[in-house]
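Below is one structure; the comments refer to it alone.
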Amino acid sequence: MILKGKKTILRPLRMSDAPRFVKWLADPEVNKFANRHGVTLAEEKEWIRKAKKNKEEMSFAIDTKDGTHIGSLLFFPIEKDLGASFGISIGDKNYWGRGYGSDAINTILKYSFEKLKFHHVRLAGNGVFDYNPRAIRAYEKIGFVKEGLLRERFFYDGKYRNIIPMSILESEWRKKNGKIYSKTKKLA
Ligand SMILES: CC(C)(COP(=O)(O)OP(=O)(O)OC[C@H]1O[C@@H](n2cnc3c(N)ncnc32)[C@H](O)[C@@H]1OP(=O)(O)O)[C@@H](O)C(=O)NCCC(=O)NCCS
């Protein structure tokens with residue numbers, strides 16, 4: 004499946020994407036925000052092969068509108084009619100802070116709320132690391148709300164770190180996007 008945003012396109016992963024993921028995941032500036040670090044080309048190809056077959060997640064590559072591959076987004080439609088989660092990584096640092104991540108997130112939110120009729124979407128992996136202000140700002144800009152704090156959940160770079168769970172409700176996303184919405188699904 005292909006989802007089109009304003010600045011980005013979410014498309015299925017390809018085996019030919021693997022070398023770029025290997026390069027990005029070897030970069031400490033990138034992988035300090037990720038759950039996967041330093042993978043080999045063979046491991047990455049195997050990861051892509053499994054991700055494409057996994058029925059419980061939808062894995063996308065993020066391309067710019069001109070077809071440059073800049074990252075990935077994993078979407079987990081967890082509880083039907085209730086909640087989904089996602090994880091995102093813009094692996095190409097040249098594209099950080101330029102609105103591409105927010106656009107990719109808004110694209111998956113539009114799909115989650117308009118097409119799949121989810122009620123909320125939350126961050127995968129329990130949330131965002133507290134030392135990731137760019138991501139926190141991007142999520143807040145879109146309308147995500149902090150739900151609390153998972154205290155000292157892991158150890159990184161000499162310190163215990165917190166994880167911040169964040170989510171956005173369909174109504175919050177609608178409000179932010181200025182759309183008038185009439186529900187088509189019957190609420191229980
Ligand atoms: C997090 C991520 C998806 C955000 O995408 P992006 O395209 O960089 O984000 P955007 O440009 O849409 O928004 C980033 C915002 O943070 C701001 N920002 C950038 N660096 C910042 C910093 N150090 N502190 C605070 N805000 C910062 C930007 O100015 C921008 O806000 P603005 O639009 O109000 O100016 C992307 O940076 C990324 O993939 N990073 C590496 C992996 C990662 O962190 N994944 C998320 C794990 S939870």
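According to the numbering used here, numbering within the sequence shown proceeds without interruption in unit steps and concludes at 191.
Where a beta carbon is used, it is the ideal one built from N, C-alpha and C, also for glycine.
Please determine whether the Cβ atom of residue i lies at a distance below 7 Å from any heavy atom of ligand 1.
i	result
residue 102	yes
residue 126	yes
residue 36	yes
residue 138	yes
residue 99	yes
residue 141	yes
residue 131	yes
residue 144	yes
residue 86	no
Going by alpha carbons, who is nearest to residue i out of the options?
i	options	result
residue 57	16, 129, 148	16
residue 142	162, 176, 155, 163	176
residue 160	27, 26, 31	31
residue 50	65, 110, 25, 104	25
residue 174	131, 123, 109	123
residue 178	116, 125, 129	116
Drop a sphere of 10 angstroms on the beta-carbon of residue i, count the other beta-carbons inside from all chains shown, and report buried for 16 or more, exposed for fewer.
i	result
residue 22	exposed
residue 39	exposed
residue 145	buried
residue 91	buried
residue 106	buried
residue 84	exposed
residue 13	buried
residue 11	buried
residue 112	buried
Looking at the strands, I want to know which residues DSSP matches up with residue i.
i	result
residue 40	Note: residue 40 sits in no beta bridge, so no partner.
residue 79	88
residue 3	Look at the range of the chain in this structure, 4 to 191, and you will see that residue 3 is not part of it.
residue 122	Beta-bridge pairing links residue 122 to no other residue.
residue 14	64
residue 74	65, 93
residue 169	149
If the criterion is Cβ atoms closer than 8 Å, does the pair residue i and residue j meet it?
i	j	result
residue 70	residue 95	no
residue 168	residue 155	no
residue 44	residue 62	no
residue 127	residue 88	yes
residue 114	residue 6	yes
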